[in-house]
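S.K.:
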Amino acid sequence: MPYLSSTPLLAVFATVCAVLVIKAQILGAITAANRGRLKQFINEEDATWLGGQHVEADGEQGQRLLRAHRNDLENLLPFFIGGMLYLQSGANSAVGMGYFGLFLAARMLHTFAYMHRKPMLRRNTYTLGWLVTIVMSAHAAGALLLS
Amino acid sequence: MPYLSSTPLLAVFATVCAVLVIKAQILGAITAANRGRLKQFINEEDATWLGGQHVEADGEQGQRLLRAHRNDLENLLPFFIGGMLYLQSGANSAVGMGYFGLFLAARMLHTFAYMHRKPMLRRNTYTLGWLVTIVMSAHAAGALLLS
Amino acid sequence: MPYLSSTPLLAVFATVCAVLVIKAQILGAITAANRGRLKQFINEEDATWLGGQHVEADGEQGQRLLRAHRNDLENLLPFFIGGMLYLQSGANSAVGMGYFGLFLAARMLHTFAYMHRKPMLRRNTYTLGWLVTIVMSAHAAGALLLS
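Protein chains in written order, with this note's numbering: chain E, 1 to 147; chain F, 148 to 294; chain R, 295 to 441.
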């Protein structure tokens, strides 16, 4: 059947994506759990239901979780698109493994840095993931146009 | 040609994604329509253009729409990535149909619950969609690594 | 190997996605650069590190960048999903090129309109991209269900 599944590069890509999807989902769940723990809710009906307080916006830690989560998704979407294109382009497999591995490391460390308030590490890991996505997308588009 | 299109699982996945994409797009459009109806705009030039008021942030109903929309996209992205991986993995088709159907039902009900302020249903449908995505992504990554 | 890479439609899709991914990434980077320039940071540790001010929320220009970036991602995700489905569906290639070209033009002009505060152009290009995504997704789902 016409699947891409026979290549090791796809297996690596799938694993990287699955790990990052699960990490992002966990950040989303922690946000919800954090609201429940503080008993502060941005939806009025939640406050009524769970006997908490209705607030205009999440507190500092809640906002931080939202930002970390949003930053994840903002970067995972372009990476996933670029990575799918890279897989389709048939470009060099070892280089692809390098892109995927670097991105995974960058985003895991980025979440660590966000939660532990390490601004320099956060900036550097953000920048690394950003660069990987740009270079990989341009590489994939080039390979597809030349093929 | 090397398309995936011959499998019924892909047709189901495509339909689920198309329905959820269109639902998310409609939420986005309602947000814009809501601003026009209230004549309250967060971009100054819109207020000038349409003779309305320039506000710092959307009102309660507008914020609710934004949250429902954002929640949709936050969950659709991981589902789409996990689903594509699942299709590529060649894992069991009936199980895949179950994942896709559950996710569709969960997200349709989630939007209903958000708009009708039913917090328990909203929490349960969010959790169901969340679990489907995690289990399906892990399932796909496992199948691809073992293949 | 079972890649989609042999079709010109895929090459066009890849290029459109790569350009839009890179544009969205650049908007994200400008947001960060803007915070550094103003020395106003929403994370306390950044303010300490870079000797700036800790603020609750970004200023007007920062919020505008965030909104333009978020609007990009909110629309790129459904387009990418719909476009992948369209590629898989094997539907008409010339029509597909039309969808992809229209979407690219609409989203480039949308960012221009957002940054230059042209509300009518912004609304029209948003609506055009929105319509392309809906029509293309429905078209793809129809073609996949009938195939």
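Backbone N, C-alpha and C define an ideal beta-carbon position, used for all residues, glycine too.
Going by DSSP in three states, P149(F) sits in which element: helix, strand or coil?
M.R.: Annotation note: pLDDT 32 at P149(F) (below 50); position unreliable, coordinate value reported separately. In this structure, P149(F) counts as coil in the three-state DSSP scheme.
S.K.: Answer with yes or no whether the minimum CB distance from D58(E) to chain F is below 8 angstroms.
M.R.: Chain F contact via Cβ: absent.
S.K.: What number of angstroms, rounded off, separates the C-alpha of V132(E) from the C-alpha of A327(R)?
M.R.: Whole-angstrom Cα-Cα distance: 19 angstroms.
S.K.: Going along the chain, which residues of its own chain have a beta-carbon closer than 7 angstroms to the beta-carbon of L415(R), five neighbours each way excluded?
M.R.: Closer than 7 angstroms at the Cβ level, and outside the excluded window around L415(R), lie L403, A407.
S.K.: Any heavy atom of the ligand NAP closer than 7 angstroms to the Cβ of G392(R)?
M.R.: This structure does not include the ligand NAP; it has no bound ligands of any sort.
S.K.: Using the rule of at least 16 other Cβ atoms within 10 Å of the residue's Cβ for burial, across every protein chain shown, is N71(E) buried or exposed?
M.R.: N71(E) is buried by the Cβ-count criterion.
S.K.: What are the start and end residues of the alpha helix (DSSP H) that includes V310(R)?
M.R.: Per DSSP, V310(R) belongs to the alpha helix (DSSP H) from 302-332.
S.K.: Report the rounded CA-to-CA distance for G527(R) versus K317(R), giving the unit in angstroms.
M.R.: Residue coverage of chain R in this structure runs from 295 to 441, which leaves residue 527(R) outside it and unanswerable.
S.K.: Would you list the one or two residues that DSSP bridges to F335(R)?
M.R.: F335(R) pairs with H348(R).
S.K.: Should A204(F) be labelled buried (16 or more other beta-carbon atoms within 10 Å of its own) or exposed?
M.R.: So A204(F) counts as exposed.
S.K.: Within 8 angstroms (strictly less), CB to CB, does T15(E) reach chain F?
M.R.: Closer than 8 angstroms to some Cβ of chain F, the Cβ of T15(E) qualifies, so yes.
S.K.: Whole angstroms are fine: how far does the CA of R214(F) sit from the CA of E44(E)?
M.R.: About 13 angstroms.
S.K.: Looking at the structure shown, is S147(E) part of a helix, part of a strand, or coil, going by DSSP?
M.R.: Correct three-state label for S147(E): coil.
S.K.: DSSP state of A91(E), grouped into three classes?
M.R.: Three-state result, A91(E): coil.
S.K.: For chain E, is any of its Cβ atoms less than 8 angstroms away from the one on P155(F)?
M.R.: No, no contact with chain E.
S.K.: Can a CB atom of chain R be found closer than 8 angstroms to the CB of L151(F)?
M.R.: Since pLDDT at L151(F) reaches only 47, below the 50 mark, its modelled position is unreliable, and no value is offered.
S.K.: Name the residue from G101(E), W130(E), S89(E), L128(E) whose alpha carbon lies nearest to the alpha carbon of G142(E).
M.R.: Ranking the options by Cα distance to G142(E), first place goes to S89(E).
S.K.: Do G390(R) and L314(R) count as a contact pair if the criterion is CB distance below 8 angstroms?
M.R.: Against a cut-off of 8 angstroms, the Cβ pair of G390(R) and L314(R) comes out as no contact.
S.K.: At a Cβ cut of 7 angstroms, what residues of the region 277-290 of chain F count as close to chain E, listed as they run along the chain?
M.R.: Hits within the stretch, in order: W277, T280, I281, S284, A285, A287, A288.
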